[in-house]
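In our numbering, the protein residues as written are 4 to 224. Here is the structure we will look at.
Okay, structure coming up:
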């Protein structure tokens, strides 16, 4: 699976996204993907017992008084052109660019707010041992831009909750950013990665994505 994934992406590797920055420009809270990957804990997944209900979402969001739940707040934050906000935080108009496939979307009802590290993946990577409160905070995390992303329904279905060993965006201008955000989110929440996942990430980190910047942010314990 890993070799097939890399073979399919190989023709795109020459067209890299503008993610690289010179090493001297890096600050204490950012690292390059190979260094971030070295901080990731490798461990076998523990798949038993996952239920979506273990991760309550969407909650009242950052401002419970504004009538907007987490999903709506993410849509407002990620809008390229701001939508109109009506009663009950009903959103109309606006425009978004889906980070998985690059599609431009102008109807907020057609978007899905996706957990970049899917809930099942989080459960299998350590969240099964968390408190219910911590799982809710993960499921509604707006403290780091990459944790929740507004994407097209089609691209969400295409990903189908798979980890990078089985799926990454096909566009070279997007898959390095996706992998950097994946690793950054796992580090933020102290989640592990299984062997196939780590091997895939290393292939990218040692190749086309070696200069991808990963934001290192503190987990909200």
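Note that beta-carbon positions come from the ideal geometry of N, C-alpha and C, so glycine has one too. As the structure is a computational prediction, the values presented were derived from the model and not from experiment.
Using only the alpha-carbon positions, how far apart do residue 225 and residue 54 sit? Since the displayed the chain opens at 4 and closes at 224, residue 225 lies outside it and no answer follows.
Close-in-space but distant-in-sequence residues of the same chain around residue 116 (CB under 6 Å, 5 per side omitted): Position 113 of the chain shown, counted from the first residue, corresponds to residue 116. Here the set comprises 74, 77, 151, 153.
Exposed unless 16 or more other CB atoms sit within 10 angstroms - verdict on residue 44: Taking the first residue of the chain shown as position 1, residue 44 is located at position 41. It is exposed - the Cβ of residue 44 has fewer than 16 other Cβ atoms within 10 Å.
Please classify residue 42 as buried or exposed, where buried requires at least 16 other C-beta atoms within 10 Å of its C-beta. Counting from one through the chain shown, the residue named residue 42 turns up at place 39. Residue 42 should be labelled exposed.
Below 8 Å on the Cβ atoms is my contact criterion, and I expect residue 94 with residue 111 to pass it. Report the Cβ-Cβ distance as a whole number of Å. Taking the chain shown and counting its residues from 1, the one referred to as residue 94 is at position 91. Taking the chain shown and counting its residues from 1, the one referred to as residue 111 is at position 108. Correct: roughly 4 Å between the Cβ atoms.
Can you list, in chain order, the residues of its chain whose CB lies under 6 Å from that of residue 217, leaving out five sequence neighbours each side? Position 214 of the chain shown, counted from the start, is the residue given in the question as residue 217. Scanning its chain for C-beta atoms nearer than 6 Å, with the 5 sequence neighbours on each side dropped, one finds around residue 217 the residues 34, 36, 39, 183, 186, 187, in chain order.
By alpha-carbon positions, which one of 84, 88, 60, 57 ends up nearest to residue 108? Taking the first residue of the chain shown as 1, we reach residue 108 at position 105. Nearest option by C-alpha distance: 84.
Give the DSSP-derived three-state secondary structure of residue 218 in the structure shown. Here the question's residue 218 lines up with position 215 in the chain shown. If DSSP states are grouped into helix, strand and coil, residue 218 belongs with the strands.
Does residue 219 get closer than 8 Å to chain B when you measure Cβ to Cβ? Annotation note: the requested chain B is absent from the structure, which comprises a single protein chain.
Nearest to residue 195 by alpha carbon, out of 102, 130, 59, 119? By 1-based counting over the chain shown, the position of residue 195 is 192. Comparing Cα-Cα distances from residue 195 to each of 102, 130, 59, 119, the minimum goes to 130.
Go ahead and pull the three-state DSSP assignment for residue 201. Against the chain shown, residue 201 aligns to sequence position 198. Looking at residue 201 - three-state DSSP - the assignment turns out to be helix.
Are residue 169 and residue 211 closer than 8 Å when you measure CB to CB? The sequence position of residue 169 within the chain shown is 166, counting from 1. The sequence position of residue 211 within the chain shown is 208, counting from 1. Not a contact, by the Cβ cut-off of 8 Å.
Could you give the uninterrupted runs of the beta strand (DSSP E) lying entirely in the region 143-208, keeping only those of 3 residues or more? Within the region 143-208, the runs of beta strand (DSSP E) that reach at least 3 residues and sit entirely inside it are, in chain order, 151-155.
Beta-carbon within less than 8 Å of residue 159's beta-carbon, same chain only, minus the 5 sequence neighbours each way: which residues are those? Looking up residue 159 in the chain shown gives position 156. So the qualifying residues of the chain are 103, 115, 117.
Expressed to the nearest angstrom, what Euclidean distance is found between the alpha-carbon atoms of residue 60 and residue 72? Here residue 60 corresponds to residue number 57 of the chain shown, with the count starting at 1. Here residue 72 corresponds to residue number 69 of the chain shown, with the count starting at 1. Taking the straight line joining both Cα atoms gives about 9 Å.
Thinking C-alpha only, which one of 123, 220, 56 is nearest residue 190? If you number the chain shown from 1, residue 190 lands on position 187. Measuring from the Cα of residue 190, the nearest candidate turns out to be 220.
DSSP puts residue 117 in a beta bridge; with which residues? In the chain shown, counting from the first residue as 1, residue 117 sits at position 114. Answer by DSSP bridge pairing, in chain order: 152.
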